[in-house]
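In our numbering, the protein residues as written are 202 to 674.
We put the CB at the ideal spot given by N, CA and C, even for glycine.
Worksheet: one structure, shown below.
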């Protein structure tokens, strides 16, 4: 079996696993919406903002070593190193730094600078960081199903379910404690599965993190901090300029639109190890068919979900309560941004796969600047719509920059077979404009008919392709 055929089989299997993961991911947002209804807009807005801060700190605590394992583990076989080299070294560094951050937060809580509730959230930091390392270990070892089940379903369901249970039992700090128990459960499962993959791996590594892994990972670590801040900057600026209630409403919109983002992100640990294992010759011959297949799958899944969100934004937001139905048209802009990123934004995966981690850091720093400047002007003027437009603007900068750079390197990865899917993205955006700008109020049965027609159109397009995306130019 050739390298391309092996990659073909792995990508097809992983694509279907991602589809199953997407179905499982629905459970998490449903419980998150229920969480918002139970705790109210203001408390939920603070919870989401604080959780975003924890994710940023935990990601930074890994120094990028967790992401570096995507690239480093496939290299172990090529360079005749132990298959587990880099895993425990990365884990203990991440645990030590996250413990230090937790101690700083606890000490700071005795001053007016940090709220008394934040230390309860900080208890989850170590488990977040450790789970990142073990989760990426499984993905770098071509076991994406482990992370899909644990991260997308188990933790996503367990955390809000425990918080809701604690709330009805009238136990204080229900939200941070639910987060803690969920992350603990996820870490235990990840640890067991990693041990099963590398049963001869020592608990205490015999040497420090290798220089090769560190040099590749550090730009990714800084990039992760910038990216985390970039992704959550809109929510934090909404909290700053518009208050916690609007932040809660925007958080629900982000949660819904992120259902599309997680599809794209789910392909990152699948595609990165494949690209990392390609020689320069294979990049020239095999990159386009492999990459185009992944883009095709991501876009099709996103379109199926996207048409539903565009047609039923008020109904989706209303599940969380009437307080969350604020500027529902902003959800459509967030959706459109995610669709474009699902198509053009996956170019970033190629950059990391070919070792351009420093490049991605520079690009995201510029994008962060665009996000802060555009958010500063747009959010006070246009509210949640301004936040959505800010997100669209910095994503546009990122996509444009990445693809121009790939063209410069002579690695244009898009097959002509993908052109119709670009047309479908703009058809969806046209439907969004028609539904929200025409002034016509559609009832539920009319929207259902439009959704069924949209699905039928996508199905016909898919069948007429003869093959989804062939693994050849």
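Within 8 Å, strictly: CB atoms of residue i and residue j
| i | j | result |
| --- | --- | --- |
| residue 436 | residue 250 | yes |
| residue 497 | residue 622 | yes |
| residue 414 | residue 337 | no |
| residue 339 | residue 398 | yes |
| residue 360 | residue 383 | yes |
| residue 465 | residue 543 | yes |
| residue 479 | residue 488 | yes |
| residue 319 | residue 332 | no |
| residue 569 | residue 431 | yes |
| residue 580 | residue 439 | yes |
| residue 613 | residue 473 | no |
| residue 499 | residue 552 | no |
| residue 323 | residue 308 | no |
| residue 401 | residue 334 | no |
| residue 245 | residue 449 | yes |
| residue 676 | residue 512 | Since the first residue shown for the chain is 202 and the last is 674, residue 676 is missing from the structure and cannot be characterised. |
| residue 618 | residue 493 | yes |
| residue 262 | residue 298 | yes |
| residue 410 | residue 294 | yes |
| residue 419 | residue 265 | yes |
| residue 454 | residue 532 | yes |
| residue 582 | residue 446 | no |
| residue 595 | residue 571 | yes |
Inter-residue Cα distance where the pair is residue i and residue j
| i | j | result |
| --- | --- | --- |
| residue 343 | residue 394 | 13 Å |
| residue 352 | residue 471 | 15 Å |
| residue 652 | residue 625 | 14 Å |
| residue 441 | residue 642 | 34 Å |
| residue 670 | residue 468 | Any reading at residue 670 must be qualified, since the residue scores a pLDDT of 44, below 50, and its modelled position is unreliable; the value itself is stated next. Cα-Cα distance, rounded: 16 Å. |
| residue 490 | residue 374 | 50 Å |
| residue 452 | residue 282 | 44 Å |
| residue 683 | residue 301 | The chain is shown only over 202 to 674; residue 683 falls outside these bounds and no answer can be derived. |
| residue 444 | residue 597 | 27 Å |
| residue 585 | residue 276 | 45 Å |
| residue 372 | residue 296 | 29 Å |
| residue 363 | residue 235 | 12 Å |
| residue 632 | residue 389 | 45 Å |
| residue 304 | residue 417 | 28 Å |
| residue 367 | residue 662 | 48 Å |
| residue 537 | residue 477 | 30 Å |
| residue 506 | residue 377 | 30 Å |
| residue 665 | residue 635 | 27 Å |
| residue 370 | residue 630 | 45 Å |
| residue 274 | residue 241 | 44 Å |
| residue 252 | residue 482 | 43 Å |
| residue 560 | residue 257 | 20 Å |
| residue 292 | residue 646 | 52 Å |
| residue 657 | residue 510 | 17 Å |
Residue span of the alpha helix (DSSP H) that contains residue i, given as start and end
| i | result |
| --- | --- |
| residue 367 | 356-369 |
| residue 482 | 481-512 |
| residue 425 | 412-443 |
| residue 289 | 288-309 |
| residue 654 | 645-665 |
| residue 385 | 375-398 |
| residue 336 | 326-341 |
| residue 553 | 548-554 |
| residue 323 | 319-323 |
| residue 533 | 530-545 |
| residue 348 | 345-350 |
Short CB-CB distance (under 8 Å) between residue i and chain B
| i | result |
| --- | --- |
| residue 338 | Reference to chain B is not applicable here, since this structure consists of a single protein chain. |
Rounded distance between the beta-carbons of residue j and residue i, thought under 8 Å
| i | j | result |
| --- | --- | --- |
| residue 427 | residue 562 | 7 Å |
| residue 503 | residue 535 | Residue 503 to residue 535, Cβ: 12 Å. No contact. |
| residue 429 | residue 238 | About 27 Å separates the two Cβ atoms, so there is no contact after all. |
| residue 387 | residue 356 | 4 Å |
| residue 576 | residue 591 | 4 Å |
| residue 255 | residue 329 | 6 Å |
| residue 655 | residue 508 | 4 Å |
| residue 424 | residue 603 | About 13 Å separates the two Cβ atoms, so there is no contact after all. |
| residue 358 | residue 232 | 6 Å |
> What are the complete alpha helix (DSSP H) segments, minimum 4 residues, inside the stretch 570-613?
Replying inline: 585-610
> Which residue spans inside the stretch 236-274 form an unbroken alpha helix (DSSP H) run of at least 4?
Replying inline: 242-262
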